[in-house]
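Participant: In my numbering, the protein residues as written are 5 to 373.
For each residue, glycine too, the CB sits at the ideal point set by N, CA and C.
All figures in this text were calculated on a predicted structure; none of them were measured in a lab.
Pasting a structure below so you can have a look.
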């Protein structure tokens, strides 16, 4: 099987048959020529994905010299010289469209060592987007037709951190036990005042304290600010068990970003995620019918991390003078995004619901006579 060859001093991969630059073909382990169709096998190394000590890395970063400035890139096809955007290290030449992959080490101290290659191509991602669009409730009727017009997607390798951590949490709180007591009350029946009894719910609170522990594995945190976390976080789950070792050939033909959320800030975000699970553990440990948590003290140990790239198709469409962004998981095709709502459809739905409630009440009242 033919192997790719690389232009000396660059990260471009010319076709052995016609000389055009090859790009990664999603869902394969091959580079493909867009002109003659010739393919080259990506013999990427496989093996255990390494993780690094978090505290040790922070110490090294604190004492490391400032990161080098990004160098000027020269396109081998048209000889143009240019700089990628600050946080981008793979994309196309702005003058001739040639796919270029720049070294990830020119601006960041920590380089990605693993990635998930794109598994679906642009047309498959567009099909997923249009299916998602067609299922939206209360969307304007013209939205699907408008968005299908000339929608083009950008394939981006987005930076992420994962964190592993052993946690031990000491807590204080209260355990609530529900019980019922009889309560007398007076009401009017057929014009006469009568006394009746009903059961009223009460809660008995008692102090609770203890310790819970949990090991977290691969807590995933986005390291890009280019796309809103409110939608990218919902692209999970990712098949991290299928991570490949980092290989720049998988980036050919796609954009790729360097991390903008640092290692320490990423861990703060991971801690927020972990705290949600820890609170659930504490509530279960307190027991009872209801729980109150008044204090948590969590210690982290054996914290480790890795830096990786995940594939996302992204785009935006303008509808009624507003831009809506959406993203597609480049592995599973799962779609998340921003969307407009039809005020008319919502109003009609509310009116219909009120009519149904009115009819039900009318029938109920008629049946009481």
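Drop a sphere of 10 angstroms on the beta-carbon of residue 190, count the other beta-carbons inside from all chains shown, and report buried for 16 or more, exposed for fewer.
Facilitator: Looking up residue 190 in the chain shown gives position 186. Answer is exposed; the Cβ neighbour count stays below 16.
Participant: On a CA-only basis, which of 202, 170, 158 and 216 is nearest residue 176? Give me that one, please.
Facilitator: In the chain shown, residue 176 corresponds to position 172, counting from 1. Selected option, being the one with the closest Cα: 216.
Participant: Give me the Cα-Cα distance between residue 1 and residue 330, rounded to the nearest whole angstrom.
Facilitator: Lying before the first or after the last residue shown, residue 1 is absent from the chain, which here runs from 5 to 373.
Participant: Which of the three DSSP states is assigned to residue 180 in this structure?
Facilitator: Stepping through the chain shown from its first residue, residue 180 is reached at position 176. Residue 180: strand per DSSP, three-state reduction.
Participant: Please classify residue 299 as buried or exposed, where buried requires at least 16 other C-beta atoms within 10 Å of its C-beta.
Facilitator: Your numbering for residue 299 matches position 295 in the chain shown. Label assigned to residue 299: exposed.
Participant: Alpha carbon to alpha carbon, how far is residue 39 from residue 228?
Facilitator: Within the chain shown, residue 39 is the residue found at index 35, counting from 1. Within the chain shown, residue 228 is the residue found at index 224, counting from 1. Roughly 33 Å separates the two Cα atoms.
Participant: Give me the Cα-Cα distance between residue 313 and residue 29, rounded to the nearest whole angstrom.
Facilitator: Here residue 313 is taken as the residue at index 309 of the chain shown, counted from 1. Here residue 29 is taken as the residue at index 25 of the chain shown, counted from 1. Distance between the alpha carbons of residue 313 and residue 29 is about 17 Å.
Participant: Quick one: is residue 310 buried, meaning 16 or more other Cβ sit within 10 Å of its Cβ, or exposed?
Facilitator: As a position in the chain shown, residue 310 is number 306, starting the count at 1. Under this definition residue 310 is a buried residue.
Participant: Does residue 317 come out as helix, strand or coil in the three-state DSSP assignment?
Facilitator: Within the chain shown, numbered from 1, the residue matching residue 317 stands at position 313. Strand, per DSSP.
Participant: Identify whether residue 8 lies in helix, strand or coil by the three-state DSSP scheme.
Facilitator: As a working note, residue 8 is residue 4 in the chain shown. Confidence at residue 8 is low in this model, with a pLDDT of 40, below 50, so the placement of that residue should be treated as unreliable; the coordinate-derived value is given next. If DSSP states are grouped into helix, strand and coil, residue 8 belongs with coil.
Participant: With three or more C-beta pairs closer than 8 Å as the rule, is the stretch 132 to 140 touching the stretch 182 to 199?
Facilitator: Output reads no: the stretch 132 to 140 does not touch the stretch 182 to 199.
Participant: Can you give me the start and stop residues for the beta strand (DSSP E) that residue 196 sits inside?
Facilitator: As a first step, residue 196 is located in the chain shown; it is residue number 192 there, counting from the start. It spans 196 to 226 - the beta strand (DSSP E) in which residue 196 sits, taken as one unbroken run.
Participant: Assuming residue 259 is part of the beta strand (DSSP E), what are its boundary residues?
Facilitator: Position 255 of the chain shown holds residue 259. First-last of the beta strand (DSSP E) with residue 259: 259 to 261.
Participant: Which of helix, strand or coil does DSSP assign to residue 356?
Facilitator: Reading the chain shown from its first residue, position 352 is the one you call residue 356. The answer is helix: DSSP assigns residue 356 an H, G or I state.
Participant: Throw me the rounded Cβ distance for the residue 224 and residue 340 pair, which I believe falls under 8 Å.
Facilitator: For the purposes of this step, residue 224 is identified with residue 220 of the chain shown, where counting begins at 1. For the purposes of this step, residue 340 is identified with residue 336 of the chain shown, where counting begins at 1. With 8 Å as the limit, residue 224 and residue 340 do not qualify as a contact, their Cβ atoms being about 15 Å apart.
Participant: Among all the DSSP beta bridges, which residues are the ones paired with residue 304?
Facilitator: On the chain shown, residue 304 is found 300 positions in, with the first residue counted as 1. Residue 304 is bridged to 171.
Participant: Could you give the residue range of the beta strand (DSSP E) that holds residue 253?
Facilitator: Mapped onto the chain shown, residue 253 falls at position 249. Run containing residue 253: none; DSSP gives neither H nor E here.
Participant: Using the Cβ count rule (16 or more neighbours within 10 Å means buried), how would you classify residue 203?
Facilitator: The residue you call residue 203 lines up with position 199 of the chain shown. By the neighbour-count rule (16 or more Cβ atoms within 10 Å), residue 203 is not buried but exposed.
Participant: Distance, Cα to Cα, residue 317 vs residue 252?
Facilitator: Along the chain shown, one-based indexing puts residue 317 at 313. Along the chain shown, one-based indexing puts residue 252 at 248. In a straight line, the C-alpha of residue 317 is about 18 Å away from that of residue 252.
Participant: Could you give the DSSP three-state label for residue 27: helix, strand or coil?
Facilitator: Taking the chain shown and counting its residues from 1, one reaches residue 27 at position 23. DSSP places residue 27 in strand when its eight states are reduced to three.
Participant: Assign residue 199 to one of two classes, buried (16 or more other C-beta atoms within 10 Å of its C-beta) or exposed (fewer than that).
Facilitator: To locate residue 199, count along the chain shown from 1; it is residue 195. Exposed: under 16 other Cβ atoms inside 10 Å.
Participant: Nearest-angstrom Cα distance between residue 256 and residue 279?
Facilitator: As a position in the chain shown, residue 256 is number 252, starting the count at 1. As a position in the chain shown, residue 279 is number 275, starting the count at 1. Straight-line Cα distance between these residues: approximately 38 Å.
Participant: Grab me the residues of residue 117's own chain with a C-beta within less than 8 Å of its C-beta, minus the 5 sequence neighbours each way, in chain order.
Facilitator: Numbered from 1 along the chain shown, position 113 holds the residue referred to as residue 117. For residue 117, where only same-chain residues beyond five positions count, the Cβ hits under 8 Å are 53, 54, 249, 250, 310, 311 and 312.
Participant: Using the Cα positions of residue 45 and residue 356, report the straight-line distance between them to the nearest angstrom.
Facilitator: Along the chain shown, one-based indexing puts residue 45 at 41. Along the chain shown, one-based indexing puts residue 356 at 352. Going by the C-alpha atoms only, they are around 59 Å apart.
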